[in-house]
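Here the structure comes first, spelled out in structure tokens, and everything after it is commentary.
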Amino acid sequence: MSDAITIHGSCHCGDITFQAEADPARVVICHCTDCQKMSGGPYRSIVQVKEDAFRLLSGEAKPYFKVGDSGNRRELSFCANCGSHLYATSVVEDVPKGQRMLGIRTGLLDEVAQLAPRSQVWCQSRVPWADDISSLPGTARQP
Ligand SMILES: [Zn+2]
Ligand SMILES: [Zn+2]
0 MSDAITIHGS
10 CHCGDITFQA
20 EADPARVVIC
30 HCTDCQKMSG
40 GPYRSIVQVK
50 EDAFRLLSGE
60 AKPYFKVGDS
70 GNRRELSFCA
80 NCGSHLYATS
90 VVEDVPKGQR
100 MLGIRTGLLD
110 EVAQLAPRSQ
120 VWCQSRVPWA
130 DDISSLPGTA
140 RQP
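Numbering-wise (numbering that gives the first Met the number 0), the sequence shown opens with residue 0 and increments by one.
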């Protein structure tokens, strides 16, 4: 991970802050229906980080367990106060704590602009208009 950068994240209310070492090549967009449902958006952007390279600086993440589209049990982590989604990972029954990969939601990160996605997964449930929003008229702020 020679190209690793330090990422700094926080939830919306600020209770939870964290830091991690991340490889910018490991950013994916996930179009799975769980990401759509849980984010409330059409897809989600995620950076994969090793659990031992993740450091929670403040707050306490609340876990939520689900069975993913993949059929695997997943542990999702979010802020119990503001509801911001932090990451998804394997359950400790499948992968020992400390050795898991955390799929951190890149919208939490100060470095989100540097973390351009490199690939997409679960394209079978991708919304058809997601391919080209760059051609839509835009304003710098809410009009
Ligand atoms: Zn929060
Ligand atoms: Zn997903």
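Built from N, CA and C at the ideal position, the CB exists for glycine as well.
A direct Cα-to-Cα measurement between Ala112 and His30 gives close to 20 Å. CA-to-CA, the gap between Gln47 and Cys122 works out to about 18 Å. At least 8 Å separates the beta-carbon of Thr88 from that of Gly97.
Rounded to whole angstroms, the Cβ separation of His84 and Ser38 is 7 Å, and the two are in contact under 8 Å. Membership of Thr5 in the beta strand (DSSP E) is indicated by the continuous run Ile4 to Ser9. Contact between Arg104 and Ile15 fails: their C-beta atoms lie close to 12 Å from each other, not under 8 Å. Note on Asp33: 16 or more other CB atoms within 10 angstroms of its CB, so buried under the neighbour-count rule. Assignment of Gly58 by DSSP, reduced to helix, strand and coil, places it in the coil class. Excluding the 5 residues flanking it on each side, Leu56 has same chain C-beta neighbours closer than 8 Å at Thr16, Phe17 and Gln18, in chain order.
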